[in-house]
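Only one structure is covered here, and it is reproduced in the block below.
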Amino acid sequence: MTNLVTHVMMDEPRFAQPIPNVTVAVGRDANLPCVVEHLGGYKVAWIHIDRQMILTIHRHVISRIPRYSITYTDNTWLLHVNQAHQDDRGYYMCQVNTNPMISQVGYLQVVVPPNILDIESTPSSVAVRENQNINMTCRADGFPTPKIIWRREDGEEIAVEKKKKVLVYDGDVLPLTKVSRNEMGAYLCIATNGVPPSVSKRIILDVEFSPMIWVPNQLVGAPSGTDVTIDCHTEAHPKAIIYWVYNSVMVLPSKKYKTDYTENSYRAHMKLTIRNLQYGDFGNYRCISKNSLGETEGSIRVYEIPLPSTPSKQVTHTTVESRENNIVPSSRNDTTKSLQTDVGYAMKNDLYPGSASSSSGPGGSASAASSSSSTSMQTSALPGGASGNSLSALGGSSKGTLAIGKSMFYTERPPNEYSSSVAGLMPPHRELLLLLSCWFTLGTGSYLAIRL
1 MTNLVTHVMM DEPRFAQPIP NVTVAVGRDA NLPCVVEHLG GYKVAWIHID
51 RQMILTIHRH VISRIPRYSI TYTDNTWLLH VNQAHQDDRG YYMCQVNTNP
101 MISQVGYLQV VVPPNILDIE STPSSVAVRE NQNINMTCRA DGFPTPKIIW
151 RREDGEEIAV EKKKKVLVYD GDVLPLTKVS RNEMGAYLCI ATNGVPPSVS
201 KRIILDVEFS PMIWVPNQLV GAPSGTDVTI DCHTEAHPKA IIYWVYNSVM
251 VLPSKKYKTD YTENSYRAHM KLTIRNLQYG DFGNYRCISK NSLGETEGSI
301 RVYEIPLPST PSKQVTHTTV ESRENNIVPS SRNDTTKSLQ TDVGYAMKND
351 LYPGSASSSS GPGGSASAAS SSSSTSMQTS ALPGGASGNS LSALGGSSKG
401 TLAIGKSMFY TERPPNEYSS SVAGLMPPHR ELLLLLSCWF TLGTGSYLAI
451 RL
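With the first letter of the sequence shown counted as 1, position 139 gets the number 139 in UniProt numbering; the numbers rise by one all the way through.
And the structure:
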C-alpha cells in the first residue's frame with residue numbers, strides 16, 4: 001500500500017524550478033518560464049495577478065492582448081510578453097489544475113529610462129539681469145524615479161547657497177542668487193535612474209548688463225610717419241555695438257585705419273591701427289560700446305614723440321692744445337667710433353667763475369682771469385666748420401655746465417699719470433680734478449680729447 005501511494009505521488013505534476021524574476025526595459029520582449037514535470041493530463045495556465053487576467057490555458061491564448069503568446073518545449077511552458085509596456089509590470093502566476101491546485105509566482109519588472117519633461121522644466125534659454133535671483137527647474141519621469149543633477153558645460157563651479165561653490169548640484173531646482181556675469185553660460189540638467197540611456201537638457205543662462213570698457217593705455221605716443229595701434233576691452237550683454245570715433249566722426253576701415261574686433265562670450269577686444277601718423281592724426285580717440293541697456297566709452301590720447309636726431313658724419317683725428325699748460329695729448333686711433341672729451345685738470349676757480357682767487361705752484365702759476373679765455377681748440381675736421389670752434393659748441397655754453405651723457409668726478413689729487421704735467425700748475429692743497437667724459441657718436445670717426 002505504501003509503495004502504491006509513493007508511486008502515485010511520484011507521478012503527480014510538480015514544478016521542477018521556480019519562476020525567475022525578470023527585468024526588461026519598456027518596449028523590449030520578456031519571457032517567463034514555467035517548468036512542470038509529470039504533467040500527465042493536467043493543464044497549465046498563466047495568470048497576471050495585478051490585472052486579475054487569465055492570459056493562457058495550455059497552448060491557447062485567452063487574453064485579447066496580442067502581445068502575449070505561449071510556447072511549450074521539454075516540460076517548459078514559456079510565456080512571451082512582446083514589446084513590454086509599463087502596464088505589464090507585476091506578478092505572474094503559473095498554475096496547474098490539480099486537486100488541490102498547485103501554482104508558483106514570478107515578477108516581471110518593466111523599467112523605463114529617464115525622460116525630461118520640457119513642459120515642466122525651464123526653457124532652453126533664459127535671461128536674467130545681473131545681481132538678481134533665478135531658479136532653474138528640471139523635471140523628469142521614468143522608472144525607477146530618476147535622479148537629477150546639475151553641472152556647468154564649461155566645467156566651472158556652480159555658486160549656490162550663499163555663494164557656496166560645487167561642481168555638481170543635486171535636485172530638480174537649481175537656485176542661483178545675485179547672479180553675476182561670470183555665471184553666464186550653458187548648464188546641463190542630467191537625469192539618470194540606472195536604466196540606459198541617461199538624458200540631459202542644455203539650458204543657456206544669459207546674464208544681462210550694460211556695457212563696461214577698460215582701456216589698458218590712455219596715453220599713447222608715437223613719432224610722425226609711423227603706425228600706432230590702440231585698443232579697448234569691453235564687456236556687455238546683450239551683445240554690444242562697438243566702434244571708434246575721432247573728431248566726432250565714426251572711424252571706418254580704410255588705407256589710413258585698420259580695425260580689428262575679437263569676441264569671446266560677453267567680452268570683446270577692439271583694436272585700431274593708425275597708419276603713417278601725420279599732424280592731423282594726433283588727438284583723442286574714443287572707443288564706444290552700446291547695447292539695449294546702456295552706453296559707455298573710453299578715451300585714448302595719441303600724441304607725437306619727436307624722432308631721435310640723426311647721427312653726425314665721421315670725424316677725423318683731432319687734438320686740442322692748452323695755452324696755459326702747453327700739454328698736447330698723445331695721438332689716438334683714427335678708427336675709434338666715438339668722440340670722447342676728457343677735461344683733465346682745472347682750478348677750482350675755473351669751476352666757479354665767481355671766485356677771483358689765484359694760486360701758484362712750484363713750477364708755474366695760473367689765474368682765474370685767463371682760465372675762461374685762454375683755452376682754445378684747434379680742429380681739423382669737426383662737422384659743420386673748420387678750426388676755431390669753442391668748447392661750448394661741444395659740451396655747453398658756460399663752464400661748470402654738463403650736457404646729458406657727461407660725468408664729473410672730483411678728487412683731492414690727480415691720478416699719477418697726470419701728476420707730472422700738473423705739478424707745476426697748482427699747489428697740492430688747492431688741487432681739484434675735474435674729469436668730464438663726453439661721448440659723441442660720430443659715425444665711425446675718431447674722438448676729440450680736450451685737456452684744460
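Glycine included, each C-beta is placed from N, C-alpha and C at the ideal position.
Please read these numbers as outputs of a predicted model, since none were measured by experiment.
| task | Classify residue 239 as buried or exposed, calling it buried when 16 or more other Cβ atoms lie within 10 Å of its own Cβ. | result | Per the 10 Å Cβ criterion, exposed.
| task | From the DSSP output, in three-state form, read off residue 37 for me. | result | It is a strand residue.
| query | Where does residue 386 land, buried or exposed, given buried means 16+ other C-beta within 10 angstroms? | reply | Here residue 386 scores only 36 on pLDDT, less than 50, and its place in the model should not be relied on; the value that follows carries that caveat. When all chains shown are included, residue 386 counts as exposed.
| field | Minimum C-alpha distance to residue 128 - residue among 203, 106, 93 and 277 | value | Taking residue 128 as reference, the option from 203, 106, 93 and 277 with the minimal CA-CA separation is 203.
| query | When burial is assigned at 16 or more other CB atoms within 10 Å of the CB, is residue 114 buried or exposed? | reply | Residue 114 counts as buried, since at least 16 other C-beta atoms from the protein chains shown sit within 10 angstroms of its C-beta.
| task | Tell whether a beta-carbon distance below 7 Å holds between residue 42 and residue 55. | result | One thing to note: residue 42 has its Cβ no nearer than 7 Å to the Cβ of residue 55.
| task | Classify residue 453 as helix, strand or coil using the three-state DSSP reduction. | result | As displayed, the chain neither begins before 1 nor continues past 452, which places residue 453 out of reach and without an answer.
| said: For a test of the three-state rule: what should DSSP assign to residue 65, helix, strand or coil? | reply: Three-state DSSP puts residue 65 in coil, outside helix and strand.
| Is the CB-CB distance between residue 158 and residue 93 below 7 Å? | Residue 93 sits away from residue 158, with the two beta carbons spaced by 7 Å or more.
| N- and C-terminal bounds of the beta strand (DSSP E) containing residue 164 | It spans 164-166 - the beta strand (DSSP E) in which residue 164 sits, taken as one unbroken run.
| task | Using only alpha-carbon positions, find the residue among 101, 103, 100 and 110 that is nearest to residue 81. | result | Closest option to residue 81, Cα to Cα, is 110.
| said: For residue 71, which residues in the same chain have their Cβ closer than 6 Å to its Cβ, ignoring the five residues on either side in sequence? | reply: Spatial neighbours of residue 71 in its own chain (CB-CB distance under 6 Å, excluding positions within 5 residues in sequence) are listed in chain order as 78.
| request: Out of 290, 285 and 166, point me to the one whose CA is closest to residue 455's CA. | output: No information on residue 455 is available, as it lies outside the stretch 1 to 452 that the chain covers here.
| field | Residues bridged to residue 19 [DSSP beta-bridge criterion] | value | Beta-bridge pairing links residue 19 to no other residue.
| What residues match up with residue 45 in a beta bridge as DSSP calls it? | Under DSSP, residue 45 shares a beta bridge with 57 and 95.
| query | Count the other CB atoms within 10 Å of the CB of residue 194; is the residue buried (16 or more) or exposed (fewer)? | reply | Exposed, because fewer than 16 other Cβ atoms sit within 10 Å of the Cβ of residue 194.
| query | Roughly how many whole angstroms lie between the Cα atoms of residue 314 and residue 307? | reply | Confidence in residue 314 is poor, its pLDDT being 42 and thus under 50, which makes the residue's placement too unreliable to answer from.
| message | Give me the residue from 224, 281 and 230 with the minimum Cα distance to residue 249. | response | Ranking 224, 281 and 230 by Cα distance to residue 249 puts 281 first.
| message | I need the straight-line Cα distance from residue 270 to residue 112, nearest angstrom please. | response | Computed Cα separation, rounded: 52 Å.
| task | Tell me whether residue 227 sits in a helix, a strand or coil according to DSSP, three-state version. | result | Correct three-state label for residue 227: coil.
| request: Give the DSSP bridge partners of residue 205, in chain order. | output: In the DSSP output, where bridge partners are listed per residue, residue 205 has 126 and 185.
| query | Among the residues of its own chain, which have a CB less than 6 Å from the CB of residue 170, if the five just before and after it don't count? | reply | Same-chain partners within the cutoff: 149.
| query | Among 104, 37, 234 and 99, which has the Cα closest to the Cα of residue 91? | reply | Out of 104, 37, 234 and 99, 104 has the C-alpha closest to the C-alpha of residue 91.
| Counting pairs of Cβ atoms below 8 Å between the stretch 229-239 and the stretch 259-276, do you hit three or more? | Yes, the stretch 229-239 touches the stretch 259-276.
| said: Given a cut-off of 7 Å on the beta-carbon distance, is the pair residue 131 and residue 211 in contact? | reply: Between residue 131 and residue 211, the CB-CB gap reaches or exceeds 7 Å.
| field | Alpha-carbon spacing of residue 500 relative to residue 18, whole angstroms | value | Residue 500 lies beyond the stretch modelled for the chain, which goes from 1 to 452, so this question has no answer here.
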